[in-house]
Amino acid sequence: MSEDAKIKITIDGISTEVAPGTTILNAARMIGGDVVPPAMCYYSSLEGSGGKCRTCLVEVSKGSEKDPRPMPKLVVSCSTPVMDGMEVRNTTSARVLEARKGVVEFLLINHPLDCPVCDQAGECHLQDLAFEHGLSKTRYEFKRREFDKVDIGEYIKLHMTRCILCYRCVYTANQLTNGREHGVLKRGDAAEIGTFIEKNLNNDFIGNVIDVCPVGALTDKSFRFRSRVWYTKPMDAHCECTKCSGKVVLWMIGDEVARVTARKDAYGEVKDFICNECRFEKKEKTDWIVEGPRTISKHSVISANHYEREIPKHTILLNKA
Ligand code: SF4
Ligand code: SF4
């Protein structure tokens, strides 16, 4: 098949054409909306990511035009390539919804009831997943895993109890930094994120592990417990930076910069990773050229109650008078 050739795939009754080699998940993202399976570990810009969390399971009800037999087991959409004529069921499959409920239950087995104090609340993929697919109570009767909170470097605190072992932070560090800084130590029920031989995470781009973490396991020490994220105002801003693109989101409380993050797309993924200096050191509004309010395209509490344009201060004063 030539490189320009397209192959047809139908997901939940909606058809599209994609390039050979495209995964089911990425084909679904090209369609958009409800046909897109959730993904807690896959991250399109991180090589090797995917295949860990099983939340993106889908049913292949027709294998291809050549071989229309359905696939007997559910498949992970993040690493299964499409075949010409393939038909896939996501939210229209009771088997998928049942399996996803089971996966969420597994992800929550050791997870603490931390949402009221967790910095990730309001922008947490696990919260969204539990809301959409989770059970209202746990059936788990055993003692949960416990860990102390660990300072891993100058800027980041690890709450291992919240980690779902998606490996995204490990791939981010492998890809963006020169040395291998940390990884998943031990295996099975004992597995945990660790900095080998007490090594700190302190290179120029390591702050990006906070943005890629789908839960509140890796927290920004300059923002921890400062505010619930829905009380902040996200603004697009940029600066001249010699290390990164300098394109960020400022999370403002009044005129104060409470937090700086990279910009994320509708799937919560960062395309332009930012350096530590932009993220942790430039905390004055004057450090930035503010472009205007950021539209948060993700369907979440984080996109609620934000105005569409910056209101000049004098307007607020006039309205109060
Ligand atoms: S990581 Fe998400 S689900 Fe877990 S405590 Fe934090 S906000 Fe809640
Ligand atoms: S710390 Fe976060 S990004 Fe790293 S493996 Fe755990 S959940 Fe994934």
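Numbering of the sequence shown is given in our numbering, commencing with residue 1 and proceeding in unit increments.
Heads up, the beta-carbon is just placed ideally off N, CA and C, and yes, glycines get one too.
Note that the structure is predicted; figures quoted are calculated from it, not measured.
Got a sec? Which residues, its chain only, sit under 7 Å from residue i by beta carbon, not counting five neighbours each side?
i: Q175; result: L46, E47
i: Q127; result: C115, A121
i: I31; result: I11, I14, T16
i: E198; result: With a pLDDT of 44 at E198, under the threshold of 50, the predicted position of this residue should be treated as unreliable, though the coordinate-derived value follows. So no residue of the chain qualifies.
i: Y43; result: S49, R168, V212, E269
i: V18; result: K6, I7, I9, A27, M30, V82
i: R294; result: P234, M235, D236, V249
Hey, out of the options, whose CA is closest to residue i's CA?
i: A173; options: V184, I164, C163; result: V184
i: R259; options: R279, K52, H125, K271; result: R279
i: R144; options: L129, E132, T161; result: T161
i: T138; options: A266, I109, W288, L57; result: I109
i: F147; options: A262, T261, L158, A27; result: L158
i: K264; options: D255, V248, N276, V117; result: V248
i: T286; options: T295, I296, D255; result: D255
i: E141; options: F106, C124, V290, L129; result: F106
i: G51; options: N90, C166, L74; result: C166
i: K243; options: K186, A191, S222, F205; result: F205
i: G216; options: A262, V36, C118; result: C118
What span of residues does the beta strand (DSSP E) with residue i cover, start to end?
i: L135; result: Unbroken run through L135: none, as it is neither H nor E.
i: M30; result: It is not in any beta strand (DSSP E) - M30 instead sits in the alpha helix (DSSP H) that spans 24-31.
i: A237; result: 233-238
i: R89; result: 86-89
i: L176; result: Where L176 is concerned, there is no enclosing beta strand (DSSP E), although the alpha helix (DSSP H) it sits in stretches over 168-176.
i: I289; result: 289-293
i: T219; result: 218-220
First and last residue of the alpha helix (DSSP H) that includes residue i?
i: E105; result: 94-107
i: D211; result: 208-212
i: R259; result: From DSSP, R259 is part of no alpha helix (DSSP H) but of the beta strand (DSSP E) over 256-262.
For ligand 4, is there a heavy atom less than 7 Å away from the beta-carbon of residue i?
i: C78; result: This structure does not include ligand 4; its bound ligands are ligand 1 and ligand 2.
I'd like the list of long-range same chain contacts for residue i, defined as Cβ closer than 6 Å, with 5 residues on each side in sequence excluded.
i: T22; result: V82
i: G134; result: V104
i: I210; result: L218, D220
Ignore the nearest five residues each way along the sequence and tell me which others in residue i's own chain have a CB closer than 8 Å to its CB.
i: T232; result: W251, M252, I253, A258, R259
i: G246; result: H238, C239, E240, I274, C278
i: G63; result: R69, P70, M71, M83, M86
i: A321; result: Reliability fails at A321, whose pLDDT of 37 lies under 50, so the model's placement of it is uncertain and no value is given.
- Measuring from each Cβ to the nearest heavy atom of ligand 1, keep the ones under 5 Å and list them in chain order. Answer in sequence order: D114, C115, C118, Q120, A121, C124, L126, Q127, R162, V215, G216.
- Could I get the ranges of all uninterrupted alpha helix (DSSP H) runs contained in the region 19-80, with 4 residues as the minimum, in chain order? Runs found: 24-31.
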